[in-house]
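*Asks:* Under the numbering used here, the sequence shown has 110 at position 14, and the numbering climbs by one with no breaks. Just so you know, even glycine gets a beta-carbon here, dropped at the ideal spot from N, CA and C. Keep in mind the model is a prediction, meaning the values are calculated, not measured.
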Amino acid sequence: MSKLFFKGRIETRQNHVLSGYNVNRTVKAGTAEAPITVTVQSDERKAAIEAILEEKSIIATIIVDANQEENTVELDTLLNKPSTTVFDKTPNRNDPCTCGSGKKYKKCCA
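(1) Classify residue 198 as buried or exposed, calling it buried when 16 or more other Cβ atoms lie within 10 Å of its own Cβ.
(2) From the DSSP output, in three-state form, read off residue 156 for me.
(3) Could you tell me which residues DSSP puts in a beta bridge with residue 134?
(4) From residue 93 to residue 123, what distance separates their C-alpha atoms?
(5) Could you pull the DSSP bridge partners for residue 190 from this structure?
(6) By Cβ distance, which residues of its chain are closer than 6 Å to residue 170, with the 5 residues on each side in sequence left out?
(7) Have a look at residue 161 and residue 173 and give me their C-alpha separation to the nearest angstrom.
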């Protein structure tokens with residue numbers, strides 16, 4: 097329901113607006129306030145992950161347990177953040193051509 101068309105008590109609307117899932121969190125995963133949890137099966141793997149964590153300055157809790165399956169999902173998510181795709185802007189019809197001929201784009205390469 098939109099805030100503009102809310103009918104009812106104003107204090108109820110304020111409570112409704114303030115509740116819900118916070119998508120703009122200031123606490124980031126992998127910091128001291130919210131360390132990630134990584135489960136590994138051996139001490140050698142723990143040493144390798146500690147080196148990665150130190151290099152990327154990520155704080156994590158590493159659990160060594162040979163009976164559990166290795167779980168590095170949170171670490172993989174932090175290391176492989178998706179980047180935004182940037183496309184080259186295509187020139188408008190009346191812009192100079194990008195090939196350097198000096199003609200308009202519509203007369204040269206369009």
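*Replies:* Checking against the coordinates, here is how it stands:
(1) exposed
(2) strand
(3) Residue pairing by DSSP places residue 134 opposite 158 in a beta bridge.
(4) Since the displayed the chain opens at 97 and closes at 206, residue 93 lies outside it and no answer follows.
(5) In the DSSP assignment, residue 190 is bridged to no other residue.
(6) 132
(7) Each residue's alpha carbon lies about 22 Å from the other.
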